[in-house]
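Everything in the sequence shown is counted per my numbering, starting at 80 for the first residue and increasing by one.
Yeah, the Cβ is synthetic: ideal placement off N, Cα and C, and Gly gets one too.
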Amino acid sequence: MASINIFSTISHPSPELPAGVRTSRNPIGCYPLRRPRSVPFAGNSSGIPSEKPEIELEFIGPTPGSDGSYPVEKAKAISGEKLMRNIMLDNKIELYATYGKVMNCGGGGSCGTCIVEIVDGTDLLNERTDTELRYLKKKPESWRLACQTIVGNKENSGKVVVQRIPQWKK
Ligand code: FES
Numbered sequence: 080m081a082s083i084n085i086f087s088t089i090s091h092p093s094p095e096l097p098a099g100v101r102t103s104r105n106p107i108g109c110y111p112l113r114r115p116r117s118v119p120f121a122g123n124s125s126g127i128p129s130e131k132p133e134i135e136l137e138f139i140g141p142t143p144g145s146d147g148s149y150p151v152e153k154a155k156a157i158s159g160e161k162l163m164r165n166i167m168l169d170n171k172i173e174l175y176a177t178y179g180k181v182m183n184c185g186g187g188g189s190c191g192t193c194i195v196e197i198v199d200g201t202d203l204l205n206e207r208t209d210t211e212l213r214y215l216k217k218k219p220e221s222w223r224l225a226c227q228t229i230v231g232n233k234e235n236s237g238k239v240v241v242q243r244i245p246q247w248k249k
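Right under this line is the structure:
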């Protein structure tokens, strides 16, 4: 942890007085200076508390509303800390279609019911895992298993746009 030094007293010879000269104000020819003493503090070396980068997510709904526009739900996540599946469930954003609601594997990567389509921000996600490479081998690059997809890498930030429950999944 970084530290700074406050209020330690040191002696220093007066630059204006010859050696051995004493004054009533300064009887020993030295005067105290205040210097910082070591005090621990939280934060980086510049003293500014560090904040973790965030990823914004937009989830496009599967069907348009009465005005013809698709509903969009938004969420935020600390970069690199959560799986897409958990972000969606935590924010009560629907991930599974009818079959997946009752038959999903709970995030084990074996049912394929948590597929989402990444519309934008692919570079903010982890690479496809071995499970995905097997399961999505002949599928479009934009498809991901939400239970295998880590949102962010702890350092990046930006926006990811996700199509949830696309037409092909219903
Ligand atoms: S929840 Fe089963 S593969 Fe993702």
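Identity of the residues DSSP links to residue i by a beta bridge
i	result
D202	D202 is not bridged to any residue.
R223	V195
V230	K161, L204
K153	E137
Residue i vs residue j beta-carbon contact at 8 Å
i	j	result
T228	M163	yes
E135	K161	no
T201	L224	no
V230	I166	yes
D141	R243	Residue identity check: residue 141 is Pro in the sequence provided, not Asp. Contact flag set, yes.
N232	G186	no
Y214	G191	yes
S221	I194	no
V240	E137	yes
G147	L203	no
Interface flag, residue i vs chain C, CB-CB below 8 Å
i	result
G147	Among the chains in the structure shown there is no chain C, since it carries only a single protein chain.
Residue i - containing alpha helix (DSSP H), residue span
i	result
G237	Segment 237-242 is the beta strand (DSSP E) holding G237; no alpha helix (DSSP H) there.
L212	209-214
K180	177-182
Host beta strand (DSSP E) of residue i (start-end)
i	result
I134	133-139
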